[in-house]
């Protein structure tokens, strides 16, 4: 068991996590910057892609931000025709978000870059390490999903 009481171990783990996150986001950040977009736009695209017909309320829950914080980046994505806002079939006062064809292509390209990076790291680390890595990440994210497990897996392909 790793001794997290030792500051050197803490620093090593945190530095590794920080640098890994930088590597994970570097290529998508470059791709987004070419369009005048940023990481917040990527997160919006990611959750809309994972949860088709996502409500704005649910998107706020996933992102953990206020309506004010979401307003500008979501409006930009709508104006760039990367995201579409459609009336809910059951309640016309509510809006459902989905990616446009162009938005889906962009999100797929961003995800593809990150999947390649993960595939290389996972191939090097081995199956046991991948399983443990997933367990650690799920523990870190515990309680961060605003919807139940059934909705979390809806709309996900088997790519």
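Numbering (the UniProt record's numbering), first residue to last: 1 to 159.
Glycine included, C-beta positions come from ideal geometry on N, C-alpha and C.
query, result
"Suppose the cutoff is 7 Å on Cβ atoms and the five residues either side in sequence are ignored; what does the same chain contact list for residue 42 look like?", "28, 32 and 110"
"According to DSSP, simplified to helix, strand and coil, what is residue 83?", "strand"
"Can you give me the C-alpha to C-alpha distance between residue 2 and residue 20, rounded to a whole angstrom?", "19 Å"
"Under 8 Å between the Cβ atoms of residue 24 and residue 117?", "yes"
"What did DSSP end up calling residue 66 once you bin it into helix, strand or coil?", "coil"
"Does the stretch 83 to 95 come close enough to the stretch 53 to 63 to have 3 or more Cβ pairs within less than 8 Å?", "yes"
"Tell me which same chain residues have a C-beta within less than 8 Å of the C-beta of residue 45, skipping the five on either side of it?", "77, 82, 83, 99, 103, 106, 107 and 110"
"Tell me the DSSP secondary structure of residue 100 in three-state form.", "coil"
"Spell out the partners DSSP gives residue 95 in its beta bridges.", "87"
"What first and last residue would you give for the alpha helix (DSSP H) that runs through residue 38?", "Unbroken run through residue 38: none, as it is neither H nor E."
"Buried or exposed for residue 4, please, with buried defined as at least 16 other CB atoms from any protein chain shown within 10 angstroms of its CB.", "exposed"
"Can you look up residue 74 in the DSSP assignment and give me helix, strand or coil?", "helix"
"Tell me whether residue 134 is buried or exposed, calling it buried when 16 or more other Cβ atoms sit within 10 Å of its Cβ.", "exposed"
"For residue 13, count neighbouring C-beta atoms within 10 Å of its own C-beta (all shown protein chains included) and say buried if the count is 16 or more, exposed if not.", "exposed"
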